[in-house]
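Scroll down for the structure; my scribbles are underneath it.
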Amino acid sequence: MHAVIPYVTAALLFGLGVYGVLRRRNAILVLMAVELMLNAVNLLLVTADVTLDNGYRGGAFALFVIVLAAAEVGVGLAIILQYYRMRAAVHIDDVRLDGENAG
Amino acid sequence: MTVADALLLALGAVAVGSGTLVVTSTQIVRAGLYLVISLGAMAGLYLVLGAELVAWVQVLVYVGAVVVLLLFAVMLTRAPIGPSADLDRPAWPALVVGGGVGLGLAALFVDAFRWVRYGMPAPGTTERMGAELFGNWVLPFEVLSILLLSALVGAIILSRPDIGAPKPTPGPQPQQPTPGAQQPTPGPQRPNVSAQQPDPSPQRVEEPEREKQKDGS
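Quick note, the sequences are listed as chains E and H, same order. The first sequence begins at 955 in our numbering and counts up by one. The second sequence begins at 47 in our numbering and counts up by one.
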């Protein structure tokens, strides 16, 4: 097998994730793009197992990243839902960081 | 060009294609379902690369849990079902940065690995993965368990309904450091509930919709 194929796939997926994070206004879609980036990193780690030939370290770290992503999604969705309950909007353009009652 | 190469190419094309649809679709629910396809194709890539346990954990945690959570959030925020035009910002900065990152990294990998052949990895066994996890990486594993617990507690605290109160009345606040703060006595909570009632606009949004539904039926 040629390891360059999954490597390039991971690079393209990471680029897509960056594009999505910068492009989207809806906070849920931003979280989806973040998931794409995390998965690109996972693919990179698993592929590094094949090319570096030192066992299962990449796979172990991919598992760790999956756990981190689960925690991130949980907290992120709690924040999104709380924000929606306060402002009835999920557009991250409208988030004001300079005051409690702004927006 | 072996069978593994063909599989990697096909699954990679599916993953990148549906990933493109995730970030370009104008319907939120469809974006979530394309995300399912992309993550499933990546699980197939893990299988071809010999990381069997990672592939099934990906299916379980990502496709099974994370995407369902995202779709729940879509429902709870009353996202529009049809295509909506206000999902996106202007495209050019995102296109420049995202395309630059993706194509730059891809060029870097192509330059680094060329068209070198590697031996097929042995199919991964859960036994060896477990030995790796609990032999070399026990400490990160335990730290991750603490992190999951704190994320759980943090999500619960963030979801408390009295956070959104605009101006909590100064009266009950000095009483909260007293032992009553640990037990959910109804005393300190009542002012918060009453203070919350004038605030949240979702409730105001709900009412016309219900009226419309009644009118429609």
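A virtual CB, placed ideally from N, CA and C, is assigned to each residue, including glycine.
Query raised in the report: Where residue 78 of chain H and residue 986 of chain E are concerned, what is the direct C-alpha to C-alpha distance, given to the nearest angstrom?
Result: Rounded to the nearest whole angstrom, the C-alpha separation of residue 78 of chain H and residue 986 of chain E is 7 Å.
Report task. Write down every uninterrupted run of the alpha helix (DSSP H) in the region 53–122 of chain H whose length is 4 residues or greater and which is fully enclosed by it, in chain order. Result -> Restricted to the region 53–122 of chain H, the alpha helix (DSSP H) segments that are unbroken, complete and at least 4 residues in length are 74–94, 98–103 and 113–122, listed in chain order.
Query raised in the report: Which chain H residues are close to residue 977 of chain E, counting only those with a beta carbon under 7 Å from its beta carbon?
Result: What residue 977 of chain E touches in chain H: 69, 134, 135, 137 and 140.
**Report entry** Three-state secondary structure (DSSP) of residue 174 of chain H
**Finding:** Reduced to three states, the DSSP call for residue 174 of chain H is helix.
Requested in this report: For the region 49–61 of chain H, enumerate the residues whose C-beta is nearer than 7 Å to any C-beta of chain E, in chain order.
Outcome: Going along the region 49–61 of chain H in chain order, one finds 50, 51, 54, 55, 58 and 61 with a Cβ nearer than 7 Å to chain E.
Query - Inter-stretch contact (C-beta, 8 Å, three-pair minimum) for the region 1026–1042 of chain E and the region 117–124 of chain H - result: Short answer: they touch.
Query raised in the report: Taking 8 Å as the CB-CB limit, is residue 1044 of chain E close to chain H?
Result: Chain H has a Cβ within less than 8 Å of the Cβ of residue 1044 of chain E.
Query raised in the report: What's the gap between the Cα of residue 49 of chain H and the Cα of residue 88 of chain H?
Result: For residue 49 of chain H and residue 88 of chain H, the distance between alpha carbons rounds to 17 Å.
Report task. Establish whether the CB of residue 983 of chain E and some CB of chain B are separated by less than 8 Å. Result -> Within the model displayed, chain B is absent; protein chains E and H are what it includes.
Query raised in the report: Under a three-way DSSP split, which group does residue 1052 of chain E fall into?
Result: Here residue 1052 of chain E sits in coil by DSSP.
Query - Endpoints, alpha helix (DSSP H) assigned at residue 196 of chain H - result: Start and end: 184–204.
Requested in this report: Count the C-beta pairs between the region 1043–1051 of chain E and the region 81–98 of chain H that are closer than 8 Å, then say yes if the count reaches three, no if not.
Outcome: Here the region 1043–1051 of chain E does not lie against the region 81–98 of chain H, with fewer than 3 beta-carbon pairs under 8 Å apart.
Requested in this report: From the DSSP output, read off the bridge partner residues of residue 163 of chain H.
Outcome: In the DSSP output, where bridge partners are listed per residue, residue 163 of chain H has E/956.
Query raised in the report: If you check the beta carbons only, do residue 1020 of chain E and residue 68 of chain H fall under 8 Å apart?
Result: No, the pair does not count as a contact, with Cβ atoms beyond the cut-off.
Query raised in the report: Between residue 123 of chain H and residue 1009 of chain E, what straight-line distance do the alpha-carbon atoms span, to the nearest angstrom?
Result: The alpha-carbon atoms of residue 123 of chain H and residue 1009 of chain E are separated by roughly 44 Å.
Requested in this report: Mind listing the chain H neighbours of residue 1011 of chain E? Cutoff is C-beta to C-beta under 9 Å, in chain order.
Outcome: Residues of chain H passing the Cβ test: 178, 182 and 183.
Query raised in the report: For residue 1052 of chain E and chain H, any beta-carbon pair shorter than 8 Å?
Result: Under the Cβ criterion of 8 Å, residue 1052 of chain E is not counted among the residues facing chain H.
**Report entry** Candidates H/109, H/97 and H/106, of which the one nearest residue 1015 of chain E by Cα
**Finding:** Closest in alpha carbon position to residue 1015 of chain E, among H/109, H/97 and H/106, is H/97.
Query raised in the report: What is the C-beta distance between residue 1012 of chain E and residue 991 of chain E, in whole angstroms, given that I count them as a contact (C-beta under 8 Å)?
Result: Incorrect: roughly 17 Å between the Cβ atoms, too far for contact.
Query raised in the report: With respect to the alpha helix (DSSP H) encompassing residue 988 of chain E, which residues constitute its N-terminal and C-terminal limits?
Result: Residues 981–1006.
Query raised in the report: In terms of alpha-carbon separation, which member of H/138, H/93 and H/81 lies closest to residue 110 of chain H?
Result: Check the Cα spacing between residue 110 of chain H and each of H/138, H/93 and H/81: the tightest is with H/81.
Report task. Report the three-state DSSP secondary structure of residue 1037 of chain E (helix, strand or coil). Result -> Note: residue 1037 of chain E maps to helix in three-state DSSP.
Query raised in the report: When the Cα of residue 959 of chain E is compared with those of H/200, H/161 and H/208, which residue comes out closest?
Result: Nearest C-alpha to residue 959 of chain E: H/161.
Report task. Pick helix, strand or coil for residue 977 of chain E, following the three-state DSSP scheme. Result -> Three-state result, residue 977 of chain E: helix.
Query raised in the report: For residue 175 of chain H, does the count of other Cβ atoms within 10 angstroms reach 16, so buried, or fall short, so exposed?
Result: By the Cβ-count criterion, residue 175 of chain H is buried, with 16 or more other Cβ atoms from all chains shown falling within 10 Å of its own Cβ.
**Report entry** Sequence-distant residues of the same chain with beta carbon closer than 7 Å to residue 108 of chain H, five excluded per side
**Finding:** If the five residues before and after residue 108 of chain H are omitted, its C-beta is found closer than 7 Å to the C-beta atoms of 85, all from its own chain and listed in chain order.
Report task. Assess, as a yes-or-no matter, whether the region 154–168 of chain H is touched by the region 960–980 of chain E under the definition of 3 or more beta carbon pairs within less than 8 Å. Result -> Verdict: yes, contact present.
Query raised in the report: For residue 240 of chain H, which residues of its own chain have a beta-carbon under 8 Å away from its beta-carbon, when the five flanking residues on both sides are left out?
Result: Residue placement at residue 240 of chain H cannot be trusted, given a pLDDT of 42 that sits under 50; what the coordinates show is reported in the next sentence. So no residue of the chain qualifies.
**Report entry** Rounded straight-line distance, which links the Cα of residue 983 of chain E to that of residue 76 of chain H
**Finding:** Each residue's Cα considered, the two are about 11 Å apart.
Requested in this report: Answer yes or no: do residue 143 of chain H and residue 976 of chain E have a C-beta to C-beta separation smaller than 8 Å?
Outcome: Contact flag set, yes.
Query raised in the report: What do you get for residue 978 of chain E, buried or exposed, if any count of 16 or more other CB atoms within 10 angstroms of its CB means buried?
Result: In summary, residue 978 of chain E is buried, with 16 or more beta-carbon neighbours lying within 10 Å of its beta-carbon over all protein chains present.
Query raised in the report: When the Cα atoms are used, what is the spatial distance from residue 90 of chain H to residue 101 of chain H?
Result: In this model, residue 90 of chain H and residue 101 of chain H are separated by some 7 Å (Cα to Cα).
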